[in-house]
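Below is one structure, written out as structure tokens; the observations come after it.
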Amino acid sequence: QELLKNQCIMNCSRAIHPLMNRKVPVSCVLIFVWLGVVLHLLCNNPRVSSDLVTTSTFSADKASPIMNGLANQKTFLSTLIKLYQKYGHEIAAYRPAMRKWCETTDSCKFGDYEAEMLYMLVREHKPHNVFEMAPNRGYSSHWILHALHQNDATSRLHSFDIHDASAKYMNPKFKDRWVFTLGDYSELYDNGKLNMDQYDFLFVDALHEPEFARGYCQRLFANHRTPNTVVAIHDIVANERGGGRESEEVYKYLAMADNAQNVFTFSRFAMPNALYEPQTSTVLPVINKLRADLGIVLDCTTPAECSRHDRGCLYFQNNDAPTIFFSLN
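In the working numbering, the protein residues as written are 1 to 329.
In structure tokens form, the structure reads like this:
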């Protein structure tokens with residue numbers, strides 16, 4: 001509370017300090033005295049002083065411990081181990097069904113590490129309403145829906161796409177909690193028909209172009225108000241330079257926005273958020289051995305085998321895992 005009060009006083013003082021450096025009439029001095037009394041009362045009121053603290057300071061206290069752990073280079077591996085120990089058996093049990101689904105649809109261009117991370121974060125965060133753009137044929141949708149199904153009986157996945165191929169391949173078991181909207185999300189948003197504040201988990205895997213990314217950063221993230229919202233964007237950290245077709249716009253947002261924090265990736269090029277010194281050589285041998293112990297992949301017999309980023313791919317043979325994760329508010 002003392003910290004809040006001091007910050008309040010400092011913020012308020014900055015507002016009137018320039019005026020105090022000038023010669024002013026006696027009447028103005030009386031006004032300043034009156035303002036001082038008001039500010040003193042405000043800054044000693046716990047409710048008001050809390051409101052005067054910046055949003056970023058307030059939200060940091062409420063951030064998910066798991067997101068904090070994954071975004072911290074010192075605790076990334078230990079946090080990842082905890083998640084796999086908690087949810088790894090579920091992933092192992094679900095993979096055979098998804099492998100069969102992939103063989104049927106021939107549309108699973110999403111790496112295993114990022115699919116598993118997406119699943120574990122939905123399980124851990126327990127969102128009420130997940131926003132997805134765009135499901136294509138529904139591979140990521142099924143991982144999200146399976147996690148929601150494990151969480152409770154009421155949460156929903158709201159998927160938006162400009163085509164409805166995903167409806168054809170949706171598992172009937174999930175249809176009661178899956179809300180599909182056919183149409184352009186930007187038109188819905190601009191016409192006041194899409195309220196993003198109802199969503200507490202956002203997944204974006206759509207048109208990979210800079211202009212499109214600039215649009216969704218502005219519409220989906222900049223004005224989002226729901227506390228502790230988890231965000232995942234596919235195809236951002238796609239190479240050793242951290243590049244991807246839409247990456248620059250996303251990086252601009254993360255660098256300049258005041259509501260984004262806990263940025264990390266499972267990409268072998270930068271995990272967790274160290275482009276120049278990724279922890280890949282340290283993390284992958286441990287995690288792949290753990291994945292093997294949990295039955296997610298076959299056992300790796302040598303350290304070199306355990307270090308492979310493409311170890312035991314479910315279907316898609318590229319496991320670079322370019323998704324970037326962060327939290328809003």
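Positions of the beta carbon are idealized from the N, C-alpha and C atoms, including for glycine.
Nearest-angstrom beta carbon gap, residue j and residue i [assumed within contact, 8 Å]
i: Asn329; j: Arg225; result: 7 Å
i: Leu294; j: Tyr84; result: 6 Å
i: Gly242; j: Asp235; result: Not confirmed; about 12 Å, so no contact.
i: Ala352; j: Leu80; result: The displayed coordinates of the chain run from 1 to 329. Any statement about residue 352 would go beyond what the structure contains.
i: Ser107; j: Tyr139; result: 6 Å
i: Glu249; j: Pro210; result: 5 Å
Inter-residue spacing [alpha-carbon to alpha-carbon] between residue i and residue j
i: Leu314; j: Glu103; result: 10 Å
i: Leu145; j: Glu305; result: 32 Å
i: Val237; j: Pro322; result: 4 Å
i: Ala360; j: Thr280; result: This structure cannot settle anything about residue 360, because the visible part of the chain is limited to 1 through 329.
i: Gln198; j: Ser327; result: 15 Å
i: Lys252; j: Asp200; result: 22 Å
i: Leu207; j: Ile162; result: 11 Å
i: Gly312; j: Asn191; result: 45 Å
i: Asn349; j: Leu121; result: The structure shown does not extend to residue 349, since the chain is modelled only from 1 to 329, so the question has no answer here.
i: Phe131; j: Asp176; result: 16 Å
i: Phe32; j: Cys217; result: Caution is warranted here: a pLDDT of 40 is assigned to Phe32, below 50, making its placement in the model unreliable, and the coordinate value is therefore given only provisionally. Each residue's Cα considered, the two are about 42 Å apart.
i: Met133; j: Thr75; result: 30 Å
i: Gln317; j: Gly111; result: 8 Å
i: Pro272; j: Gln73; result: 6 Å
Bridge partner(s) assigned by DSSP for residue i
i: Phe212; result: Paired residues: none, contrary to the question.
i: His158; result: Phe131, Val179
i: Ile233; result: Val204, Ile324
i: Ala260; result: Leu328
Beta-carbon contacts of residue i that lie in its chain and below 6 Å, excluding the five residues immediately before and after
i: Arg47; result: In this predicted model, Arg47 has a pLDDT of only 38, less than 50, meaning its place in the structure is not dependable; the value taken from the coordinates is given anyway. Contacts found: none.
i: Asp310; result: Asn319
i: Asn151; result: Lys126
i: Lys289; result: Cys306
i: Val179; result: Arg156, His158
i: Ser247; result: Ile236
Residue i in three-state terms, based on DSSP
i: Glu132; result: strand
i: Phe325; result: strand
i: Thr79; result: helix
i: Leu290; result: helix
i: Gln73; result: coil
i: Thr226; result: coil
i: Thr265; result: strand
i: Glu103; result: helix
i: Cys217; result: helix
Same chain only: Cβ atoms within 7 Å of residue i, ignoring 5 sequence neighbours per side
i: Asn239; result: Phe269
Contact test: residue i Cβ vs the ligand GTP heavy atom, cutoff 6 Å
i: Ala321; result: Looking at this structure, you won't find the ligand GTP or any other ligand, since it has none at all.
Cutoff 8 Å; reference residue i; Cβ partners in own chain excluding five residues on either side
i: Ser166; result: Pro135, Asn136, Arg137, Gly138, Ser141, Ser159, Phe180
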